[in-house]
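J.: The following block contains the structure, expressed as structure tokens.
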Amino acid sequence: MKRLAGLSALALIISSTSGCGWVWGPEGYFRDRGSDYLEAQATKPMQLPPDVNVAKRLDPLLPIPRNVADDTTKGEYVVPRPQPISAVADTSDYSLQKSGDNRWIMAQRPPAEVWPVTVQFFQDNGFSIDQQRPQTGEFTTAWQHGSELSASMAKRLQASGVAPDSEARVRVRIEPGVQRNTSEVYVVSAERPAGSTANVDFTPRSVNMGVDAALVDEMLASMSRISEKGGSVSLLAAGNFDTPNRVSLTEDGSGNVVLTLGEDLDRAWASVGRALEQGPWRVEDINRSLGLYYINVAEKAEKKDDEPGFFGKLFGSKPTKEEIETRAERYQVRLSKVGESVQVTVEKNINTVAPAETARKVLGVIQDNLG
Numbered sequence: 007m008k009r010l011a012g013l014s015a016l017a018l019i020i021s022s023t024s025g026c027g028w029v030w031g032p033e034g035y036f037r038d039r040g041s042d043y044l045e046a047q048a049t050k051p052m053q054l055p056p057d058v059n060v061a062k063r064l065d066p067l068l069p070i071p072r073n074v075a076d077d078t079t080k081g082e083y084v085v086p087r088p089q090p091i092s093a094v095a096d097t098s099d100y101s102l103q104k105s106g107d108n109r110w111i112m113a114q115r116p117p118a119e120v121w122p123v124t125v126q127f128f129q130d131n132g133f134s135i136d137q138q139r140p141q142t143g144e145f146t147t148a149w150q151h152g153s154e155l156s157a158s159m160a161k162r163l164q165a166s167g168v169a170p171d172s173e174a175r176v177r178v179r180i181e182p183g184v185q186r187n188t189s190e191v192y193v194v195s196a197e198r199p200a201g202s203t204a205n206v207d208f209t210p211r212s213v214n215m216g217v218d219a220a221l222v223d224e225m226l227a228s229m230s231r232i233s234e235k236g237g238s239v240s241l242l243a244a245g246n247f248d249t250p251n252r253v254s255l256t257e258d259g260s261g262n263v264v265l266t267l268g269e270d271l272d273r274a275w276a277s278v279g280r281a282l283e284q285g286p287w288r289v290e291d292i293n294r295s296l297g298l299y300y301i302n303v304a305e306k307a308e309k310k311d312d313e314p315g316f317f318g319k320l321f322g323s324k325p326t327k328e329e330i331e332t333r334a335e336r337y338q339v340r341l342s343k344v345g346e347s348v349q350v351t352v353e354k355n356i357n358t359v360a361p362a363e364t365a366r367k368v369l370g371v372i373q374d375n376l377g
């Protein structure tokens, strides 16, 4: 009925007009305004009261370029086509990630390719590699004084809080990322007084976050430079890591489908959110405190480019709220912290799990979009 009304209105408009001048013509609603600036009048520059002193000269905020037509030009002005912009997107394979005080490097490469680049960075800066375990993606440096490192690295570490008379060592771990063929590089430092032989163990979180941040920043810059020249691959690191599979689709003891991510909750929340946005459904709401995404599998994702145009709105092609509610199929995607991992499940509501077929389909799409 709504479409019929739209067609009737359009027919009435067409029949009551002899042309489209009122729409596109010089006096039409959608007329070309490209030459309106020719009729603009110059105004006097701003004058300040004589008793006001300013330290900075007042210059025009939007000065007229010198290469435009002068005020004697008459007639319609044709706006030239813009020249193509040679914009270069940030295509670096390495990026800095943050979560609270934690900082790490995300690499769009598998661990086998990140390993030699990371080792090279530390060796180039004077670090002595003490232990290497490529199969587990981990290596540590020896205890060293700042004078044994490169001048720039020693200066950077000292500025970050390393005492001049102390020794430091670093543990680096390269883990497979949540997405396929990606890696995450973590750095933890330890420090002890110079001359001490005490075996200071690495803690899960560094005592000096400033040192770790400085190392990550310097390593990121070095990795980006090396990647531009091409890198090598470590065959040892290419082997099977002893870390668990980061993403797995299984069933729990009750037979419910579960997607398990070997990840902390903050990063899992972000990864699942991105995966859901790429899915064939609409994310209607989120509740971060409860770890819930609310999706409607009967509706496609809303995109700005899909906004109906003039005739689409006129003919009523956009579904009404009543139509959306009638065909709605809503579910909850829940993230729960379980031990060192995060479990993702699909529910109809807080008391009812989703049908197994629906849960497997939704979680399967999430898993695919994580890759």
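When the sequence shown is numbered by our numbering, its final residue is 377 and no position is left out of the sequence of numbers.
Heads up, the beta-carbon is just placed ideally off N, CA and C, and yes, glycines get one too.
Computed from a prediction, not measured in an experiment: that's the story for all the values here.
Run the CB neighbour count on E119, radius 10 Å, all protein chains shown included, and call it buried at 16 or more, exposed below.
T.: Here residue 119 is taken as the residue at index 113 of the sequence shown, counted from 1. The residue in question, E119, is buried, as its Cβ has 16 or more Cβ neighbours within 10 Å.
J.: Out of G261, E269, G259, S260, state which residue places its alpha-carbon closest to the alpha-carbon of V253.
T.: Residue mapping note: residue 253 aligns to position 247 of the sequence shown, counting from 1. Of G261, E269, G259, S260, the residue nearest in Cα terms is E269.
J.: When you compare the region 146–157 with the region 185–194, are there three or more beta-carbon pairs, one atom per stretch, that lie closer than 8 Å?
T.: Not touching, per the Cβ criterion.
J.: If you draw a straight line from the alpha carbon of T147 to that of E173, how long is it in whole angstroms?
T.: Counting from 1 along the sequence shown, the entry for residue 147 is found at position 141. Counting from 1 along the sequence shown, the entry for residue 173 is found at position 167. C-alpha separation (whole angstroms): 11 Å.
J.: A276 and R288 - do their beta-carbons sit closer together than 8 Å?
T.: Taking the first residue of the sequence shown as 1, we reach residue 288 at position 282. Taking the first residue of the sequence shown as 1, we reach residue 276 at position 270. No.
J.: Taking all protein chains shown into account, do 16 or more other C-beta atoms lie within 10 angstroms of the C-beta of V359, making it buried, or fewer, making it exposed?
T.: Against the sequence shown, residue 359 aligns to sequence position 353. Per the 10 Å Cβ criterion, buried.
J.: I need the DSSP call for Q137, collapsed to helix, strand or coil.
T.: Within the sequence shown, the letter at position 131 stands for residue 137. The answer is strand: DSSP assigns Q137 an E or B state.
J.: Have a look at A46 and V58 and give me their C-alpha separation to the nearest angstrom.
T.: As a working note, residue 46 is residue 40 in the sequence shown. As a working note, residue 58 is residue 52 in the sequence shown. Using only the alpha carbons, I get a separation of about 30 Å.
J.: Skipping 5 residues on each side, what residues in its chain have a beta carbon closer than 7 Å to that of E335?
T.: Walking along the sequence shown from the start, residue 335 turns up at place 329. These residues qualify, in order along the chain: N302, V303, A304.
J.: With DSSP as the reference, label D291 as helix, strand or coil.
T.: In the sequence shown, counting from the first residue as 1, residue 291 sits at position 285. Note: D291 maps to strand in three-state DSSP.
J.: In three-state terms, what does DSSP make of V2?
T.: Coverage of the chain is limited to positions 7 through 377, which leaves residue 2 absent and any answer about it impossible.
J.: Using a Cβ-Cβ cutoff of less than 6 Å, which residues in the same chain neighbour Q284 once the five nearest sequence positions on both sides are dropped?
T.: Looking up residue 284 in the sequence shown gives position 278. The residues are N375.
J.: Compare the C-alpha of S260 against each of G106, T326, P361 and name the closest.
T.: The residue labelled residue 260 in the question sits at position 254 within the sequence shown. It is P361 whose Cα lies nearest to the Cα of S260.
J.: Rounded to the nearest angstrom, what separates V206 and V339 at their Cα positions?
T.: Counted from its first residue, the sequence shown places residue 206 at position 200. Counted from its first residue, the sequence shown places residue 339 at position 333. Roughly 43 Å separates the two Cα atoms.
J.: Taking the alpha-carbon positions, what's the S228 to S101 distance?
T.: The residue given as residue 228 occupies position 222 in the sequence shown. The residue given as residue 101 occupies position 95 in the sequence shown. Whole-angstrom Cα-Cα distance: 12 Å.
J.: Let me check you understand the geometry: is the CB of S254 closer than 7 Å to at least one non-hydrogen atom of the ligand FAD?
T.: Inclusion of the ligand FAD in the displayed structure is not the case, the ligand content being empty and no account of it being possible.
J.: Can you name the residues that DSSP bridges to T147?
T.: If you number the sequence shown from 1, residue 147 lands on position 141. According to DSSP, which records beta bridges pairwise, T147 is partnered with I135.
J.: Expressed to the nearest angstrom, what Euclidean distance is found between the alpha-carbon atoms of V184 and V264?
T.: Along the sequence shown, one-based indexing puts residue 184 at 178. Along the sequence shown, one-based indexing puts residue 264 at 258. Distance between the alpha carbons of V184 and V264: 16 Å.
J.: Could you tell me how far apart the beta carbons of L163 and V217 are, in whole angstroms, since I believe they sit closer than 8 Å?
T.: Residue mapping note: residue 163 aligns to position 157 of the sequence shown, counting from 1. Residue mapping note: residue 217 aligns to position 211 of the sequence shown, counting from 1. Between V217 and L163 the Cβ distance is about 6 Å, and since that is below 8 Å, they are a contact.
J.: Under a three-way DSSP split, which group does P199 fall into?
T.: Residue 199 sits at position 193 when you count from the first residue of the sequence shown. In this structure, P199 counts as strand in the three-state DSSP scheme.
J.: Between which residues of its own chain and R366 is the CB-CB distance below 6 Å, once the five residues before and five after are set aside?
T.: Reading the sequence shown from its first residue, position 360 is the one you call residue 366. Excluding positions up to five away in sequence, the list reads V263.
J.: Check whether the Cβ atoms of V348 and V368 sit closer than 8 Å, and answer yes or no.
T.: As a first step, residue 348 is located in the sequence shown; it is residue number 342 there, counting from the start. As a first step, residue 368 is located in the sequence shown; it is residue number 362 there, counting from the start. The answer is no: Cβ separation not under 8 Å.
J.: Within the same chain, show all residues whose beta-carbon is closer than 7 Å to that of D99, passing over the 5 residues directly before and after it, in chain order.
T.: The residue given as residue 99 occupies position 93 in the sequence shown. Correct list, in chain order: A113, Q114, R115, S233.
J.: DSSP beta-bridge partners for N226?
T.: One-based indexing of the sequence shown puts residue 226 at position 220. According to the sequence shown, residue 226 is Leu rather than Asn. L226 pairs with nothing; no bridge assigned.
J.: Please work out which residues of its chain come closer than 6 Å, Cβ to Cβ, to M225, disregarding the five sequence neighbours upstream and downstream, and give them in chain order.
T.: Locating residue 225 in the sequence shown gives position 219, where the first residue counts as 1. For M225, where only same-chain residues beyond five positions count, the Cβ hits under 6 Å are F127.
J.: With DSSP collapsed to three states, give me the class of L282.
T.: For the purposes of this step, residue 282 is taken as residue 276 along the sequence shown, with counting starting at 1. Residue state, collapsed to three classes: helix.
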